[in-house]
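Residue 236 in the working numbering sits at position 233 of the sequence shown, with consecutive numbering throughout.
For each residue, glycine too, the CB sits at the ideal point set by N, CA and C.
I have placed the structure first, in the form of C-alpha cells, so that the comments after it can refer back to it.
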Amino acid sequence: MNKIVPIPAFADNYIWAIHSLNDSQVAVVDPGDAEPVLQYLQKSQLSLNAILITHRHWDHTNGITQLLEHFPNVPVYGPNRSVYQITNIIEDGMFVTLEAQELKLSVMAIPGHTLDHIAYAGEGILFCGDTLFSAGCGRIFEGTPQQMYDSLNKLASLDDDTLIYCGHEYTLNNLAFALSLEPDNKLLRTKALEIAALRVANKASLPSRLRDEKTFNPFLKCHLLEFQNQITLLTGKELSSPVDFFTEVRSMKDHFKA
Ligand SMILES: [Zn+2]
C-alpha cells in the first residue's frame, strides 16, 4: 500500500502526496500552491513524478507552473477544457498508471462542482477533489443538482472499503451542518467529538472510509426514508424524489452558518 500524505495549503486545502513504493518519488494531487510541495519534497529528499488534477479551480492548480520549473518533464494529468499546463488529457473510463507507485487509477467523470471535474479511483483509494467531502459535498458551481447527485452516486458505488482523499478539511463544519439536520443522531455527535479531537491535535480528518460516509454524510443519505422524513419534518416541504431531497439539503448547506 502506498504511503499517502496530506500537504496542507492555504486555509483548508490538502495537496495529496502519493509516495512511490521505494519512497523516493511522489505524485501530487491538486497542487494549488507549489511552496508547501517543494518544502515537503526537499525535507524528505523526494522527487516529483506526476501531477494529477481533479478540476480547474485555482486552489487546485496554481502551483503547477512552479512545480514544472523544478521538474520540467513531469506529466500533468487532468480533464479536458481545463488547465493549459495539462500534458495528458484524460476522460471518463481512461486509466492513469503511476509506474513508481505501481498504481493504476481509473478516471471517473463527476460533473457538478465544475463541469470538468474528474476523480481518480483504484486499489481502494479515491481522489475526488471538491465533489465528495467527509460528511459533505462540494458546492454546485457549474452543473445541475441532478448532475451532482449522479456524480456522488457514482462515487458511492465504489467498494465500501474505499478510502476517500478529498480536497479540503471541511469535516467539522460539515458535521455541524449534519447535526443541524439530525440533532438527535448519536453517531453524528460521536463522530463530531472524534474529529474535533483530531483537529485540536492538528491532524487531518482524512482519509475517510466510504462505508462510514454512507452512515453520516447527509448527501449520501437522500434516498433513505428515515432521513427524508427528517428533512420533511424540518422544512415542511413536499419533496418526493431522492434528487429533490438532495437539492433541498444542498441549498440548506449553502446558507448554513456554523
Ligand atoms: Zn473547487
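Here the alpha carbon of S47 sits roughly 12 Å from the alpha carbon of V8. Ordered along the chain, residues surrounding ligand 1 are H58, H60, D62, H63, H116, T117, G132, D133, G141 and G170 [Cβ under 7 Å from any heavy atom].
With a threshold of 16 other beta carbon atoms within 10 Å, F259 falls short and is exposed. DSSP places M97 outside both helix and strand once states are collapsed to three, so it counts as coil. Here the stretch 130-148 makes contact with the stretch 177-184; the two share three or more CB pairs at distances below 8 Å. A37 and N65 have their C-alpha atoms spaced approximately 8 Å apart. For N52, the enclosing beta strand (DSSP E) has its first and last residue at S50 to L55.
A Cβ-Cβ distance of about 4 Å is found for the pair Q28 and N52, placing them in contact under the 8 Å criterion. L182 places its beta carbon 8 Å or farther from that of T218.
Note that the stretch 237-246 does not touch the stretch 188-204; fewer than 3 beta-carbon pairs, one per stretch, sit closer than 8 Å.
Counting every other CB atom within 10 Å of its CB across the protein chains shown gives N83 a total below 16, marking it as exposed.
Minimum Cα-Cα distance from I54 among the listed residues K6, T165 and I21 corresponds to I21. The three-state secondary structure of L24, taken from DSSP, is coil.
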